[in-house]
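Chemist: This structure is in structure tokens; I'll ask about it shortly.
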Amino acid sequence: MGLNLAVGIGSAVMMLDLRASTHHAHATPTPMLWAIALLLLALIAAGPLIAFAPSPRGGLGAGLALALVAAVAVGFGGSGAPNLRPFFAIPGAACLSAEVLMSLLPLGVVMWLLTALPPRPLRTLLATLSAAAAGLLGLHLSCPVGTVQHLLGFHVLPWLALGGLAVLVRPRLRTRAYAP
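Numbered per the numbering used here, the sequence shown finishes at 526, counting up by one with no gaps.
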């Protein structure tokens, strides 16, 4: 949880500082974006606690519901600002790559930690969505494009894809212990 929070808050601060230092006109984050950021912070903090709890049966459902609410909020809670980048630029490639790169360290650590437990798909999904939300947080507050298509395609979809990929990879990793 500490690493997820450090990467999430660090990426948000870094991306907001980078955004402030550029000469492009970026709108400041709205109260709606800050509220969604708090929702992502709740997922980043609660996700590992629930996923690694000894008996998280009811908690996993609540944690995954929180992740679903966060996905919908990020996708549909944007500013609506269109993409003003040149046509020849690949739309969203910068957002997608930044999110994935900022999520790699928390994802790697959580996958290693999951090898200490028997593979369970819902546990893996919640833990990895929480870890990948660290990269999503920084991107969410700093991206100037707020259209639903952009947010769903280049923010939410890569985040969910990282979680889905982890669910597929985790059973192939050697488990270090078989305790329940």
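Positions of the beta carbon are idealized from the N, C-alpha and C atoms, including for glycine.
Could you spell out the range, first to last residue, of the alpha helix (DSSP H) harbouring Thr470?
Modeler: Position 124 of the sequence shown holds residue 470. Element bounds for Thr470: 467–488.
Chemist: Is Ser443 helix, strand or coil by DSSP?
Modeler: Locating residue 443 in the sequence shown gives position 97, where the first residue counts as 1. Note: Ser443 maps to helix in three-state DSSP.
Chemist: Considering only their Cβ atoms, is the gap separating Arg522 from Thr461 smaller than 8 Å?
Modeler: As a working mapping, residue 461 is identified with position 115 in the sequence shown. As a working mapping, residue 522 is identified with position 176 in the sequence shown. Yes, these two residues count as a Cβ contact at 8 Å.
Chemist: Pick helix, strand or coil for Val491, following the three-state DSSP scheme.
Modeler: In the sequence shown, counting from the first residue as 1, residue 491 sits at position 145. Three-state DSSP puts Val491 in coil, outside helix and strand.
Chemist: For Val420 and Leu498, I'd like the C-alpha separation in whole angstroms.
Modeler: Counted from its first residue, the sequence shown places residue 420 at position 74. Counted from its first residue, the sequence shown places residue 498 at position 152. The alpha-carbon atoms of Val420 and Leu498 are separated by roughly 8 Å.
Chemist: Rounded to a whole number of angstroms, what is the C-alpha to C-alpha distance between Leu387 and Leu483?
Modeler: The count along the sequence shown starts at 1 and reaches residue 387 at position 41. The count along the sequence shown starts at 1 and reaches residue 483 at position 137. Computed Cα separation, rounded: 8 Å.
Chemist: Between Ala357 and Ala479, what straight-line distance do the alpha-carbon atoms span, to the nearest angstrom?
Modeler: Mapped onto the sequence shown, residue 357 falls at position 11. Mapped onto the sequence shown, residue 479 falls at position 133. Residue identity check: residue 357 is Ser in the sequence provided, not Ala. Near 11 Å, if we compare the C-alpha coordinates of Ala479 and Ser357.
Chemist: Return the CA-CA distance between Met378 and Leu384, expressed in angstroms with no decimal places.
Modeler: Taking the first residue of the sequence shown as position 1, residue 378 is located at position 32. Taking the first residue of the sequence shown as position 1, residue 384 is located at position 38. Looking at the two C-alpha atoms, the distance is approximately 10 Å.
Chemist: Between the beta-carbon of Leu508 and the beta-carbon of Leu453, is there less than 8 Å?
Modeler: By 1-based counting over the sequence shown, the position of residue 508 is 162. By 1-based counting over the sequence shown, the position of residue 453 is 107. A contact, by the Cβ cut-off of 8 Å.
Chemist: Can you find a heavy atom of the ligand COA that lies under 7 Å from the Cβ of Thr461?
Modeler: This structure lacks the ligand COA, and indeed carries no ligand of any kind.
Chemist: Compute the beta-carbon to beta-carbon distance between His496 and Gly423, rounded to the nearest angstrom, for a pair I have assumed lies under 8 Å.
Modeler: Position 150 of the sequence shown holds residue 496. Position 77 of the sequence shown holds residue 423. Going by Cβ atoms, the distance from His496 to Gly423 rounds to 13 Å, so no, they are not a contact pair.
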